[in-house]
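Residue numbers (this note's numbering): 155 to 300. What follows is a set of notes on a single structure, which appears directly below.
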Amino acid sequence: MEQTLEARILAVDFGEKRIGLAVTDPLNIFAYPLVTLQNNKDLWKELEKIIENYNVKKIILGNPIKENGQESKIFPLILKFKNELEKKFNIPVELVDERYTSSIAQKRIVETVKSKKKRKEKGLLDRNSAAVLLEDYLKLFSNKTN
């Protein structure tokens, strides 16, 4: 008997050096920090494995909009990345405002990770920021359906 995996949503916190990922549970209710990938030549291979393993049906990509509502200087790179994701994986990619996700994630890390050494791990903030982004998206989505 073939097991069918529930389709999930993947959140991406894009950075020029590192890319944080978070994924929903199979019912798309909760968001979990997944992994932080290096933004290098192996990125697309790693993303492909994750998209297949988690049966990703949609990707949420963080868009760091400035306080005044203007696009950030990294926006052209994010847009290029969005287009490549859509082309390579044929999955819808939605840009979502990620203002404050890093500060919320940092606060959570301080509250939940007791070891100061572990808190300094570079990728921890990236994947937790992706989880905050995904949680916000899921809350917004559930409010629209209720």
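All C-beta atoms in this analysis are idealised placements derived from N, C-alpha and C, irrespective of residue type, glycine included. Note that this is a predicted model, so its numbers are computed, not measured.
Buried/exposed call for residue i, threshold 16 Cβ in 10 Å
i: residue 223; result: exposed
i: residue 179; result: exposed
i: residue 168; result: buried
i: residue 257; result: exposed
i: residue 269; result: exposed
i: residue 264; result: exposed
i: residue 239; result: buried
Selected residue, minimal CA-CA separation from residue i, among the options
i: residue 182; options: 191, 192 and 214; result: 214
i: residue 278; options: 254, 260, 247 and 265; result: 260
i: residue 162; options: 195, 209, 196 and 204; result: 209
i: residue 245; options: 238, 212 and 262; result: 212
i: residue 247; options: 203, 288 and 196; result: 288
i: residue 225; options: 292, 291, 253 and 290; result: 253
Cutoff 7 angstroms; reference residue i; Cβ partners in own chain excluding five residues on either side
i: residue 251; result: 217 and 219
i: residue 200; result: 191
i: residue 189; result: 175 and 281
i: residue 302; result: Beyond the ends of the chain as shown, which are 155 and 300, falls residue 302; an answer cannot be given.
i: residue 276; result: 172
Own chain partners of residue i with C-beta closer than 8 angstroms, once the 5 adjacent residues on each side are dropped
i: residue 171; result: 192 and 193
i: residue 186; result: 176, 177, 178, 179 and 285
i: residue 206; result: none
Rounded Cβ spacing between residue i and residue j (contact assumed at less than 8 angstroms)
i: residue 198; j: residue 242; result: 6 angstroms
i: residue 164; j: residue 281; result: Going by Cβ atoms, the distance from residue 164 to residue 281 rounds to 12 angstroms, so no, they are not a contact pair.
Contact set for residue i: own chain, Cβ-Cβ below 6 angstroms, skip 5 residues either direction
i: residue 160; result: 180
i: residue 283; result: 167, 174, 255, 256 and 259
Practice task
Enumerate, from N- to C-terminal direction, the unbroken alpha helix (DSSP H) stretches of 4 or more residues contained entirely within the stretch 255-297.
Solution key: 255-266 and 270-273
Practice task
Just list the alpha helix (DSSP H) runs in the stretch 177-226, keeping only unbroken ones of 4 residues or longer that don't cross its boundaries, in chain order.
Solution key: 197-207
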